[in-house]
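S.K.: Okay, here's the structure, questions in a sec.
Number of protein chains: 2
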Amino acid sequence: MDPVIPSTPAVKPAQALELWRRTIVEGVRRDQPDLSTRQMAILLIVYTQPAPHTVRGLSGDLNISKPAVTRALDRLGQLDFVRRKVDEDDRRSVLVQRTLKGSVFLADYAGLILANMTMLPEHNGSAS
Amino acid sequence: MDPVIPSTPAVKPAQALELWRRTIVEGVRRDQPDLSTRQMAILLIVYTQPAPHTVRGLSGDLNISKPAVTRALDRLGQLDFVRRKVDEDDRRSVLVQRTLKGSVFLADYAGLILANMTMLPEHNGSAS
DNA sequence: TTAATTCATTACGCTATCGAACCGTTTTAG
DNA sequence: CTAAAACGGTTCGATAGCGTAATGAATTAA
Chain A
15 MDPVIPSTPA VKPAQALELW RRTIVEGVRR DQPDLSTRQM AILLIVYTQP APHTVRGLSG
75 DLNISKPAVT RALDRLGQLD FVRRKVDEDD RRSVLVQRTL KGSVFLADYA GLILANMTML
135 PEHNGSAS
Chain B
15 MDPVIPSTPA VKPAQALELW RRTIVEGVRR DQPDLSTRQM AILLIVYTQP APHTVRGLSG
75 DLNISKPAVT RALDRLGQLD FVRRKVDEDD RRSVLVQRTL KGSVFLADYA GLILANMTML
135 PEHNGSAS
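Shown next, in the form of structure tokens:
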């Protein structure tokens with residue numbers, strides 16, 4: 015059996031890891047801010063998911079403790095990648111806001127990913 | 015000018031970040047070993063690049079100090095994701111070797127990436 | 001055989017992050 | 001108005017990571 019259906023395997027595991035390796039290694043080599051996985055996760059959530067973002071919400075999203083989120087925000091704030099702002103509607107809450115510097119960093123990072131994606135099937139730089 | 019060439023934008027920056035976010039967040043949520051970027055970089059190099067891998071070589075590849083590599087290998091060895099073996103041809107050198115557990119971890123990780131890739135254009139699960 | 005080189009690790013002082021528990025403020029319930 | 005709950009931050013002791021410099025072992029050069 016197993017009729018010969020010319021399937022397009024799209025992307026194979028080895029290629030997925032290759033994409034990851036190229037991107038991460040390039041980031042390390044460029045001496046980018048050495049963000050932990052958690053910090054990067056928070057940064058990505060804040061910039062790609064609709065606002066508002068609170069400490070409690072992020073803590074739940076990532077299934078990590080609130081102090082861990084607070085510390086990650088300290089670090090990201092230090093880098094000026096996010097800013098904190100008290101929610102005026104509920105002054106107990108803190109809203110995590112985006113910054114220009116954070117946007118630039120992630121835009122660069124996206125560029126890094128895209129550059130390494132061009133060597134994947136169906137993605138060989140076919141944009142105009 | 016700028017004739018209307020119907021270009022296939024392939025993947026846009028926002029989609030690249032979306033892929034990254036989904037994958038990283040899922041990893042954090044699953045309580046995967048919280049590897050640093052450097053540790054992940056070393057793991058990926060060891061498993062996707064041809065052997066042999068030495069401390070000195072990895073240090074050069076990533077442009078980081080040798081002690082940093084040694085410490086990363088300590089952590090990865092602790093997790094049994096890699097193993098050290100003295101090079102018998104030059105007993106000063108240490109060869110970094112792969113393990114079954116490391117292979118499984120990266121295979122899972124690749125699966126995570128691929129799953130999130132299916133929502134990218136031209137990659138919508140078109141494998142047979 | 002001695003000296004210099006190379007490779008990896010360890011020592012050191014420092015900073016960052018961890019989870020658990022506690023604190024202060026604000027909001028909501030009674 | 002008081003009591004309870006919710007939210008974020010801080011403190012605590014502990015662990016892990018950093019870069020620089022020193023150490024130990026193996027190799028190469030003289």
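Quick mapping for you: the protein sequence lines, in order, are chains A and B. When we follow our numbering, the leftmost residue of the first sequence carries the number 15, and every step to the right adds one. When we follow our numbering, the leftmost residue of the second sequence carries the number 15, and every step to the right adds one. For glycine and all other residues, C-beta sits at the position ideal for the given N, C-alpha and C.
Whole angstroms are fine: how far does the CA of I38/A sit from the CA of M54/B?
M.R.: The straight-line gap from Cα to Cα measures roughly 8 Å.
S.K.: Kindly list the residues whose CB is nearer than 6 Å to the CB of P47/A, restricted to its own chain and excluding five residues on each side of it in sequence; keep chain order.
M.R.: Excluding residues within five positions, the ones whose Cβ falls inside 6 Å are L93.
S.K.: Of all the residues that make up the stretch 65 to 89 of chain A, which are near chain B by a beta-carbon distance shorter than 9 Å?
M.R.: Listed by position, the residues of the stretch 65 to 89 of chain A near chain B (Cβ gap below 9 Å) are D75, L76, N77 and I78.
S.K.: Taking 8 Å as the CB-CB limit, is G125/A close to chain B?
M.R.: It does; some Cβ of chain B falls within 8 Å.
S.K.: L76/A by DSSP, collapsed to three states: which one?
M.R.: Here L76/A sits in helix by DSSP.
S.K.: Short of 9 Å Cβ to Cβ, which residues in the stretch 41 to 53 of chain B face chain A?
M.R.: Hits within the stretch, in order: G41, V42, R43, R44, D45, Q46, D48, L49, S50, T51 and R52.
S.K.: Please name the residue, chosen from R97/B, R70/B, V96/B and I127/B, that lies closest to S107/B on a Cα-to-Cα basis.
M.R.: Checking every option, the nearest Cα to that of S107/B belongs to R70/B.
S.K.: If contacts are defined as beta-carbon pairs under 8 Å, then L87/B and V100/B qualify, I think. What distance do you get, rounded to the angstrom?
M.R.: No, L87/B and V100/B are not in contact; Cβ-Cβ is about 13 Å, not under 8 Å.
S.K.: Mind listing, in chain order, the continuous alpha helix (DSSP H) runs of no fewer than 4 residues lying wholly within the stretch 29 to 90 of chain B?
M.R.: Runs found: 51 to 62 and 69 to 76.
S.K.: Buried or exposed: which applies to A30/A, given that a residue is buried once 16 or more other Cβ atoms fall within 10 Å of its Cβ?
M.R.: That one is buried.
S.K.: Taking all protein chains shown into account, do 16 or more other C-beta atoms lie within 10 angstroms of the C-beta of T51/B, making it buried, or fewer, making it exposed?
M.R.: Under this definition T51/B is a buried residue.
S.K.: At the level of alpha carbons, what is the spacing between K80/B and E102/A?
M.R.: K80/B and E102/A: Cα-Cα distance of roughly 50 Å.
S.K.: So, are the CB atoms of G41/A and L128/A less than 8 Å apart?
M.R.: No, these two residues do not count as a Cβ contact at 8 Å.
S.K.: How big is the Cα-Cα spacing for L33/B and L120/A?
M.R.: Their backbone Cα atoms lie some 13 Å apart in a straight line.
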